[in-house]
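In UniProt numbering, the protein residues as written are 1 to 401.
All residues carry an ideal CB built from backbone N, CA and C; glycine is no exception.
A quick write-up on the structure given underneath.
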């Protein structure tokens with residue numbers, strides 16, 4: 001069947017694949033279809049387990065710490081509520097949306113779609129629901145929140161005694177199940193179960209849907225995709241302008257994100273600011289160098305690399321450059337996938353802030369750098385989603401979708 005590559009726009013005819021075969025785009029080498037390790041039943045089981053486990057993970061105690069006979073416990077939303085009460089509304093909304101709300105929506109919707117397909121009861125709008133669950137893939141972050149909880153727990157237990165509660169164990173399993181869902185989901189098989197693909201006629205002018213890769217006649221432009229309901233366009237409208245504006249805004253915010261403190265801790269009656277580099281130093285000083293390297297990569301290297309990479313892509317389109325197209329395609333893929341992991345640092349704040357609330361002895365609260373950093377991550381992710389990588393390949397004269 002003929003599909004359109006979502007990264008370069010080339011139209012590809014994919015033959016039936018065996019369990020261990022991989023189909024790549026001949027132009028940009030994007031992995032169009034992979035069967036190894038993919039199973040609709042396994043994805044349904046993992047998505048359902050994630051959705052169910054998120055309930056006790058959000059309601060039961062996550063972590064508890066003890067200090068001089070006093071103790072503080074938290075649930076998954078405690079840090080976000082504390083951040084909201086401290087007046088950092090934007091930061092609380094971003095963390096609550098990515099860490100709590102969207103995981104329920106994504107995995108609940110995905111379980112609904114996969115269950116309906118497997119029992120043979122497809123409902124009206126199933127393609128649109130599945131499209132939304134895929135769109136939320138990078139925005140639902142229980143796995144990122146889990147890493148943030150591990151880093152926060154490591155920082156708290158340097159000086160205090162801490163224990164993981166039943167909600168914490170449920171959240172660990174839920175986050176792991178969410179990663180297994182991503183690994184086991186056979187997207188192409190699900191799309192074909194919703195609506196089959198069509199064979200492209202020789203010489204027929206066509207375009208493809210950017211989400212489900214369905215190839216349709218070019219006369220469908222401006223109409224809803226027959227399979228997923230997305231409005232069909234040859235290319236994303238104003239992709240360069242929108243991605244450039246979002247990347248520029250992110251670049252401006254990197255200055256306060258790195259210069260201003262992420263948190264303020266009260267120690268011996270005085271406030272001590274902690275920037276990103278200060279947190280890294282503390283982890284290395286405590287011997288937790290793997291976590292320190294992780295924070296360097298997620299909080300410094302990846303955000304800067306994303307902004308530089310997006311700038312390269314935008315200039316490439318503007319200059320109609322033919323150089324290093326496959327390198328840029330691979331880099332775009334990494335930028336789009338890894339950007340979400342930069343939120344580890346702000347999720348770390350949400351994890352340990354509610355635990356360090358011992359009146360008169362110790363406390364911790366977010367500072368302006370945390371909001372700036374969260375906005376940098378959000379804007380860079382939005383920039384990569386607004387960009388259309390197929391535009392970099394339009395310099396070639398070829399069949400395109």
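Item, Value
"Bridge partners - residue 89, DSSP secondary structure assignment", "For residue 89, which the question treats as bridged, DSSP gives no partner whatsoever."
"Classification of residue 253 by the beta-carbon crowding that lies within 10 angstroms, buried from 16 upward", "buried"
"Contacting residues, own chain, Cβ-Cβ under 8 Å from residue 256 (five flanking each side not counted)", "368, 369, 372"
"Euclidean distance between Cα positions of residue 55 and residue 88", "26 Å"
"Proximal residues to residue 62 (C-beta, below 6 Å), its chain only, five neighbours per side dropped", "74, 75, 76, 165, 167, 168"
"Closest residue to residue 134 among 26, 211, 273 (Cα-Cα distance)", "211"
"Selected residue, minimal CA-CA separation from residue 281, among 9, 295, 350, 25", "295"
"Span of the beta strand (DSSP E), counted from its first residue to its last, around residue 23", "22–24"
"DSSP three-state assignment for residue 33, whether helix, strand or coil", "strand"
"Contacting residues, own chain, Cβ-Cβ under 8 Å from residue 12 (five flanking each side not counted)", "2, 3, 4, 5, 23, 25, 26, 32"
"Residues bridged to residue 71 (per DSSP)", "66"
"Endpoints, beta strand (DSSP E) assigned at residue 162", "161–164"
"Cβ distance (whole Å) where residue 284 is taken to contact residue 152 below 8 Å", "In fact, because the Cβ distance is near 17 Å, the residues do not count as touching under 8 Å."
"Where the alpha helix (DSSP H) containing residue 55 begins and where it ends", "40–59"
"Status (buried if at least 16 other CB within 10 Å, exposed otherwise) for residue 410", "Because the chain spans 1 through 401 in this model, residue 410 falls outside it and cannot be assessed."
"Beta-carbon proximity check, residue 341 vs residue 144, cutoff 8 Å", "yes"
"Beta carbon of residue 149 nearer than 8 Å to that of residue 393", "no"
"Nearest-angstrom Cα separation, counted from residue 234 out to residue 91", "36 Å"
"Pick from 262, 187, 264, 178 that is closest to residue 108, judged by C-alpha positions", "178"
"The alpha helix (DSSP H) enclosing residue 217, as first and last residue numbers", "Per DSSP, residue 217 belongs to no alpha helix (DSSP H); it is in the beta strand (DSSP E), 215–217."
"Residue burial classification, residue 388 (beta-carbon count within 10 angstroms, cutoff 16)", "buried"
"Whole-angstrom C-beta distance between residue 40 and residue 114, which should lie under 8 Å", "6 Å"
"CB-CB length for residue 194 against residue 127, believed under 8 Å", "5 Å"
"DSSP bridge partner residues for residue 208 (one or two, in chain order)", "215"
"DSSP state of residue 328 mapped onto helix, strand, coil", "helix"
"Distance, residue 346 Cα to residue 390 Cα", "33 Å"
"Classification of residue 328 by the beta-carbon crowding that lies within 10 angstroms, buried from 16 upward", "buried"
"Pairwise C-alpha distance: residue 85 and residue 137", "29 Å"
"Coarse secondary structure for residue 195, derived from DSSP in three states", "coil"
"Check whether residue 386 and residue 239 have beta carbons under 8 Å apart", "yes"
"C-alpha distance - residue 206 paired with residue 216, whole-angstrom precision", "6 Å"
"Short Cβ contact (8 Å threshold) for residue 299 with residue 339", "no"
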